[in-house]
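Chains as they are written, first to last, in the working numbering: chain F, 2 to 505; chain Z, 310 to 808.
All C-beta atoms in this analysis are idealised placements derived from N, C-alpha and C, irrespective of residue type, glycine included.
It should be emphasised that the depicted structure is a prediction, and the values quoted were computed from it without experimental measurement.
Presented below is the structure to which this report refers.
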C-alpha cells in the first residue's frame, strides 16, 4: 500500500483486520510523517513513539494469535494535551504543568488503551483550552497545514492540524465553546462535540466544567462515528456523565453516506449568518444546504433570538468556572514551583510567584474576569444573569427543535486568519466562536464538516446541531453533506491542500 | 498577653449571653465524601489518597451515597426538614491543605434544615436548642508546621501536608442563636455537644471520638445588655474539642467580653483560638464581611434529590436515640431520678446496660459501677469505660456473689485482681483462693477452737444472751481469712452451743 497515512481510520482498520498491513507499519508510517512535517506544523507537544510502537506490536501479535480485537485496534491516534495520560507528559499547553507526568489515565484514554489504539502523542493547544488559534499555547504556535502562516484554529489546533497533515488518522479534542468544531472548519477536517455527558470528563483538565466535552477529530464523518462510539458511555467517576446507552453513530453515518436524508427537517438558524460572516463562508454554506435540499431534506428557517447574548453569557460562565478550576495550580503539589526571589518564602508567596510566572496572559485575563464575576455583590449581576441567559438559550433550542430535526449554520464566521492577526484583540478572537458557543451553553451536540474552499482558497465548515442525546442525527446529516460535496469535488477536500514539504 | 476578665457571676448578672455552636462530625464511612480513597484514623501520611483527594488535574468528584444517608439520619434525628433537592457549592480560598484550593461544601442549599434537639442538663433540666441547618462537606488535609516553637505556623521552617483527611465526609450542624440560657449558657453549650456526640454514636454515623477530632466545635458567643436588646457582636472560638473546654471557653468569653463592654469598648468580630493548657482564648484573624469565598454551585456535581421513600425508610429504621433510651432504661431498671442522673453523668448507661445483659440485677450493676468502679476510675483519673474491666466481667462477678460463692468483701478482692489484669473473676478466684468456705467441716473446727478459747461465752449464749455470738463469728472469720459465709457461721455457732 502506497501511503498508509492517507487512509481514513475506517479504511486503515479494514486493512489491519484483513492482515494487509500491520499496526507496526501503520504506526511507523505516522511516526515518520510526524518526523517529516511536524517541524513546520508543530501539532505535537510530545511524541510517544516507543509506547505507540509497543501497543502496535501487541496488536499485531494478538491478531496473529487470532484474538478478537476492537475494530479500531492498531489504528494510531493523537490525544489533545488537556487529556490526562498516565506516564505521558500532560501540560494542557501551559508552562505551569511543564514536566508533570500524570499517575492516572482519563476515562477516555482508558477506553482507547483497552481498545489498543497506539497513542502517537499529545497535541498542542491554547493554554488550558483558552483561545481560538492555539497561539496562546505556552509551547509555540501550531501552523495550519493549508497555509503555514495561518492559525489552525483553537483551542484544539494541534489535533486538527495533526489530522489535516496526515500525522494521525484520529485525534481527541475537547470543546468548551468550539475548540473541536472551529479548528475542524479552518483545517478542512471533521470535528464533533458530543452531547454534554456523552463522553466522560474524568481526566480532562477542566476549563469550564459545565461546558467541557471531549470528542472526535477526524478526516471523515464515518471515522468520527467510530471514535465517538469508542469513547462514549457512562462513567461513575463523572457525575454529569449520561447513563444512556451509546448511540448507533456508525450506522447513522453509513446511512448518511448513502445519501439518506429524505424527510429530515433541517433548520437554518437565522441569527447565525449575515453580518460578520465572510462571503465565501456563507456561499459554501448555502451550496451545502442546497445539496441537502436536493437530496430530499426539508429546509426551514428557525429563529433563536437569545443567541445574541450567548457570547456575553459564555464569557462570564467560562471565566467564573475556570477561575475556580485553575486555582489548584499553585506550585504546592505538582508542576511548576517558583519561589519569590526576595522576601519570605511562604506558601502564599510561592503560590503567587508560581501563578504569576506559570500562567500566560489569556489565562490570567480569564481568571481575573471570573474572580470578579463571582465576587460577593457582583455574583447576581454577572454569573447569575449569565445562567439565566443560558436557560433562555436552552429554550430557544427547544423551540427550534420543535420545527427541525437538526439545526445548521456556518461553523465559524471566517476562514483561518493569519498568525498574530487577532492576538492583541481578544474580542475579535472571541467572535470566532459566536456560532459554536450556543451548543455548549445548551449541552447539545454539534459537528463541523468541510463545506468547501472559499475565495481565499481556504476551507470553511458546515455546522450541524442536534438535540441533546440525539448525536446520531449529526452523523446522518453530516455524512450526507460530506458525501454530496465530495461527489461534486471528486474527492475529499484535503486532497486540494498543498503538499507539505518534508523538513528533512 | 492576658485579658481583663470580669468575675463570672458579675458578668452574667449584667449581660445576657447568646451563643451558637457549629459542630463538625466526621462520618464513619469506609470511603471519602467524593472519591474511593479509604479513610480511617492512624494511617501513614498520604496513603489514603486518590487523584481526587489530591485534587490532581482532571480528577472529578462523585458523591458517596452512604455519606448522604448518614447526613439524612443526622438531619432526621435533629427533627430537621430534609431538602427535596440540594446542591454542593465551591468555597474558594487558597490554602495548601485544600488540594483544589476550594472546599466542596453545601452553601445555600443544605440537605437538612430547621430542626431542634432537646438537651438535658445534669440536674435534669431540659433545654431546647434550635437547629438552623445540617450540611455536608469535605474535610481539609492536615498541616504540620516544623521548626517553630509551638507547632504553629509562626516561626516554622517548613510545613508538611497530609492529605489523608482531605475529602473525609463531614456534616456541619449549625444552631440558631441560643438565647435564654442565662448563667447556665456554658453548661448548656457543653450539654448540647455531648448530646450530639451521643446521638452520632447511637445513629452509628461516626465513632464520634472527641480526642481523635471526629467531633469538633466552633463556639460563637455574644453579650447584650438584656434579653430584649438586639444581638451583640460575636466572636467565634475555633476548634474547642472537649466537653470541658466548651464549657470553659464559653465561660471565658463571657468574662472577657463583659470586661471589654464594661470598659466602654466594642467587641471585635473575629475568630479566636482556644488554648486548652491555659484555658483562655486569643485573637485570631479578623472576620470582616470583606472575606469573600466566591461561592458558586459545584458544576461537577448534579443536585442531590433524595427519594422520599428512601427518606421514610431511613426514618423508620432510625435507632432509638439516647434520650428515649435513657427513659426506657430508667423505667426498666427502676432507678430513681437522681440515681439515673448520676449514672448518665458518670457515662455509665451503656456499661450498666451491658452488665445487666450479662446477668446482673440493675441494682447490683449500679452498685458496682457507681461505687467501687467509680472510685477506682477517680483514683486513676480515667473515664469509667477506660477501666480495664468489661461489663461481662462485672456480670460474672455478681453471679458469683448471687450464687453465694463470694461475699461482697471477697468480691471486691476479686475485682481488684481483675483490674490488676489477673484475668476473669473465675480465674482470679481460683488463683487467689478466694472462694467462700462452704464446707461445714473446717468451719466447725474453727468454731470449736473459738469456743474453747472463750469458755464463758457458751454459758452466756445458753442463758439467752446472743450478744457474744458476734465475737465468735469474728474469730472464725479471722481464722478463715474472711472466706467464711458469716450467716452460715452464725447458724453453726448456735447449733453447737444449744446442742
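When 9 Å is used as the limit between beta carbons, residue 436 (chain Z) is near no residue of chain F, the shortest such separation being about 36 Å. The C-beta of residue 136 (chain F) has 16 or more other C-beta atoms within 10 Å across all chains shown, which makes the residue buried. Here DSSP, grouped into helix, strand and coil, assigns residue 89 (chain F) to coil. Counting other Cβ atoms within 10 Å of its Cβ, residue 619 (chain Z) stays below 16 and is therefore classed as exposed. Chain-order list of chain F residues neighbouring residue 594 (chain Z): empty, with the shortest C-beta distance near 13 Å, by a criterion of under 7 Å.
Between the alpha carbons of residue 139 (chain F) and residue 330 (chain Z) lies a distance of about 49 Å.
Cβ neighbours of residue 502 (chain Z) within its own chain (closer than 8 Å, five residues either side excluded): 330, 332, 524, 526, 552 and 555. Per DSSP, residue 333 (chain Z) is not a residue of any alpha helix (DSSP H); the beta strand (DSSP E) it occupies stretches across 325-335. Among the residues facing chain F, residue 387 (chain Z) is not included, as its CB has no counterpart in that chain under 8 Å away. Non-local C-beta neighbours of residue 468 (chain F) in its own chain, meaning closer than 7 Å and more than five positions away in sequence, comprise 402 and 445, ordered along the chain. Residues 44, 124, 125, 126 and 143 of the same chain have their beta carbon placed closer than 6 Å to that of residue 159 (chain F), with the five preceding and five following residues left out of the count. Two segments are said to touch when three or more pairs of C-beta atoms, one from each, lie closer than 8 Å; by this definition the region 182-199 of chain F does not touch the region 355-374 of chain F.
Proximity to residue 789 (chain Z) across Z:719, Z:726, Z:766 and Z:725 peaks at Z:719, based on C-alpha coordinates. Chain-ordered, the chain Z residues with CB closer than 7 Å to the CB of residue 237 (chain F) read 371.
For residue 484 (chain Z), the secondary structure class from DSSP, reduced to helix, strand or coil, is strand. Not one beta carbon of chain F lies nearer than 8 Å to the beta carbon of residue 355 (chain Z).
When DSSP states are grouped into helix, strand and coil, residue 398 (chain Z) belongs to the strand group. Here the alpha carbons of residue 439 (chain Z) and residue 425 (chain Z) stand approximately 4 Å from one another. Here the region 745-764 of chain Z makes contact with the region 790-798 of chain Z; the two share three or more CB pairs at distances below 8 Å.
In this structure, DSSP gives residue 526 (chain Z) an extended state, which the three-state scheme calls strand.
In the displayed model, residue 503 (chain F) falls within coil according to three-state DSSP, outside both helix and strand. Shortest Cα-Cα distance from residue 471 (chain Z) to any of Z:312, Z:355, Z:363 and Z:624 involves Z:355. Within the DSSP secondary-structure output, residue 194 (chain F) pairs in a beta bridge with F:447. With its beta carbon less than 8 Å from one in chain Z, residue 331 (chain F) belongs to the interface. The CB of residue 691 (chain Z) never comes closer than 7 Å to any CB in chain F; the least such distance is about 40 Å.
The DSSP assignment places no complete beta strand (DSSP E) segment of no fewer than 3 residues inside the region 474-498 of chain F. Residue pairing by DSSP puts residue 466 (chain F) in a beta bridge opposite F:408 and F:447.
Residues of chain Z whose Cβ lies closer than 7 Å to the Cβ of residue 195 (chain F) do not exist, since the nearest Cβ in that chain is about 17 Å away.
Checking the DSSP bridge columns, you'll see residue 591 (chain Z) partnered with Z:582. Sorting F:375, F:319 and F:280 by C-alpha distance to the C-alpha of residue 459 (chain F) places F:280 at the top. As the crow flies, the alpha-carbon of residue 636 (chain Z) is around 25 Å from that of residue 390 (chain Z). Residue environment: residue 462 (chain Z) is assigned as exposed (fewer than 16 neighbouring CB atoms within 10 Å of its CB, all protein chains considered). Rounded to whole angstroms, the gap between the alpha carbons of residue 451 (chain Z) and residue 106 (chain F) is 27 Å.
By the C-beta criterion, the region 381-400 of chain Z is judged to be in contact with the region 608-615 of chain Z, since at least 3 inter-stretch pairs fall below 8 Å. Flagged as an interface residue toward chain F: residue 360 (chain Z), by a C-beta distance shorter than 8 Å. Spanning the alpha carbons of residue 451 (chain F) and residue 483 (chain F) requires a straight line of approximately 7 Å.
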